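Here the structure comes first, spelled out in structure tokens, and everything after it is commentary.
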Amino acid sequence: MSDKTFLCRQTELDENGGVFKVPHPVEQNITIVLIRKDGRCFAYRNVCPHFSIQLDNAQGRFFTYQNRYIMCAHHSAMFDIETGLCVDGPCKNHSLIQESVSEDEQAVYLSHGQT
Ligand code: FES
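Under our numbering, read the sequence shown as residues 1 to 115, first letter to last.
Shown next as structure tokens:
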């Protein structure tokens, strides 16, 4: 059985390139980054594989590059938005952990269980 949990309203996500952070609805002390690219929503645990810390800086700001990469605020690792793979930086070839999401006209949801 599949299940889903609300993450954010569609209006909270930028159409292209803006990164939005929400608390993980199931796991404590974890946040999820949501980013829309070319109409698709991608979601990752906000944990850099380099030092297992959040990708955003102390002010909660995320950095992107050319609308193709999320850049870790700490040591500039560059992660492909569509795959989560680090293509440059100290954790090259490691990946962000992807979360499964679904969408409808109103909102984005975290998917749980079998689909
Ligand atoms: S903690 Fe992300 S690149 Fe070092």
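Just so you know, even glycine gets a beta-carbon here, dropped at the ideal spot from N, CA and C.
On a predicted model such as this, the values are computed, not experimentally measured, just so you know.
First and last residue of the beta strand (DSSP E) that includes residue i?
i: Gly113; result: Ala107 to Gly113
i: Asp80; result: Met78 to Asp80
Secondary structure at residue i, three-state DSSP: helix, strand or coil?
i: Glu99; result: coil
i: Thr5; result: strand
i: Thr11; result: helix
i: Arg45; result: strand
DSSP beta-bridge partners for residue i?
i: Lys37; result: Arg40
i: Lys21; result: Val33
i: Cys91; result: None; Cys91 has no bridge partner.
i: Ile70; result: Thr64 and Phe79
i: Leu85; result: Ser95
So, for residue i: in the same chain, excluding its five sequence neighbours on each side, which residues have a beta-carbon less than 6 Å away from its beta-carbon?
i: Leu96; result: Tyr44, Phe79 and Gly84
i: Val47; result: none
Within its chain, find whatever has a CB closer than 8 Å to the CB of residue i; leave out the 5 residues flanking it on each side and keep chain order.
i: Tyr109; result: Lys4, Thr5, Phe6, Leu7, Val101, Ser102 and Glu103
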